[in-house]
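Colleague: Residue numbers (my numbering): 44 to 148. Glycine is no exception: its CB is placed at the ideal position from the N, C-alpha and C atoms. Computed from a predicted structure; not experimentally measured.
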Amino acid sequence: MNQNSSGFSRRGPDIITEELVAVLLEKNAFEFKALFTVIHTNLRARNAASGGEEMLRLRAYEKLQALVGAGVVKKTGKSYKGENTALHAFNVRMKEFRASVAAKR
């Protein structure tokens with residue numbers, strides 16, 4: 044009966060992070076407003092945009108800042124651009140993580 048009672052588990056990248064990486068893998072630099080528009084459109088097409096647009100905007104900004112902090116995305120002024128080698132490596136790690144989680148289920 045020695046269970047973790049906090050109810051929290053360590054979670055990996057989510058759908059928002061996946062979309063951010065997919066969009067930033069393009070060679071373009073984006074301001075956040077344009078980046079969010081693309082991400083929101085993609086998530087709506089996947090029927091994965093839930094919780095309201097403002098909450099989604101906040102979560103996307105938080106995820107983007109985490110990617111900037113990890114050195115995967117470079118922020119210049121108000122524009123964000125993916126660091127190609129780091130972003131590709133991050134994308135591979137996300138896919139490996141998803142595969143390992145799916146294999147455990």
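1. Using the C-alpha atoms, what's the distance from Thr119 back to Met137?
2. What residue range does the alpha helix (DSSP H) around Gly112 cover?
3. DSSP state of Glu69, grouped into three classes?
4. In angstroms with no decimal places, state the Cα-to-Cα distance between Val115 and His83.
5. Per DSSP, what kind of secondary structure is Ala132 in: helix, strand or coil?
6. Tell me the rounded alpha-carbon separation between Ser103 and Ala146.
7. For Ala142, does the three-state DSSP call read helix, strand or coil?
8. Would you report the Cα separation of Val81 and Val66, rounded to the nearest angstrom?
9. In the DSSP assignment, find the alpha helix (DSSP H) that holds Lys124 and state where it starts and stops.
Modeller: In short, the structure shows the following:
1. 25 Å
2. Glu96 to Gly112
3. coil
4. 21 Å
5. helix
6. Position check: residue 103 holds Ala in this sequence, whereas Ser was assumed. Taking the straight line joining both Cα atoms gives about 28 Å.
7. helix
8. 8 Å
9. First-last for Lys124: Ser122 to Gly125, but that is the beta strand (DSSP E), not the alpha helix (DSSP H).
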